[in-house]
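Quick look at the structure:
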């Protein structure tokens, strides 16, 4: 190997070494932003899953209320989906309405204090059912 080639190889390797530190610094600066975006995406998925559970809870509760079940029984049935849900039963004479609410899970609920809600209404059934 000639002295010129040695000098060229030395210069290339020292430039590569300096740029590898730059990559590490850029990664360190970007990591918090990537983690935050990932937390938001996962939080949005958790909010969607909770909304589905809320809707199922309200639907089951409204169906039980329409059959003539007591408010305690309706709350128990609707609360079986998730014990953190608050369940409210309303009767307007012809329709039974159940509203299930909870605080949004994950980062979205923590940062935004968002409350999720689902409402289900069904007409009362004639005859039968518990009083």
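Residue numbers (the numbering used here): 581 to 711. Backbone N, C-alpha and C fix where the C-beta goes; we use that ideal spot for every residue, glycine too.
Determine the burial state of residue i: buried for a count of at least 16 other Cβ atoms within 10 Å of its Cβ, exposed for fewer.
i, result
"residue 682", "buried"
"residue 607", "exposed"
"residue 614", "exposed"
"residue 616", "exposed"
"residue 630", "buried"
"residue 634", "buried"
"residue 610", "exposed"
"residue 655", "buried"
"residue 663", "exposed"
"residue 657", "buried"
"residue 649", "buried"
"residue 605", "exposed"
"residue 688", "buried"
"residue 693", "exposed"
How would you write the range of the beta strand (DSSP E) that residue i sits in, first residue to last?
i, result
"residue 680", "675-683"
"residue 652", "Premise fails: residue 652 lies in the alpha helix (DSSP H), 651-659, not in any beta strand (DSSP E)."
"residue 695", "695-703"
"residue 664", "Careful: residue 664 lies outside any beta strand (DSSP E) and carries neither H nor E."
On the DSSP letters alone, give me the boundaries of the alpha helix (DSSP H) that residue i sits inside.
i, result
"residue 686", "686-692"
Are the stretch 636-646 and the stretch 608-628 in contact at 8 angstroms, needing three or more beta carbon pairs? Remark: fewer than three beta-carbon pairs, one from each stretch, lie closer than 8 angstroms, so the stretch 636-646 and the stretch 608-628 are not flagged as touching.
When the Cβ atoms of the stretch 663-683 are set against those of the stretch 692-703, are three or more pairs found closer than 8 angstroms? These segments touch.
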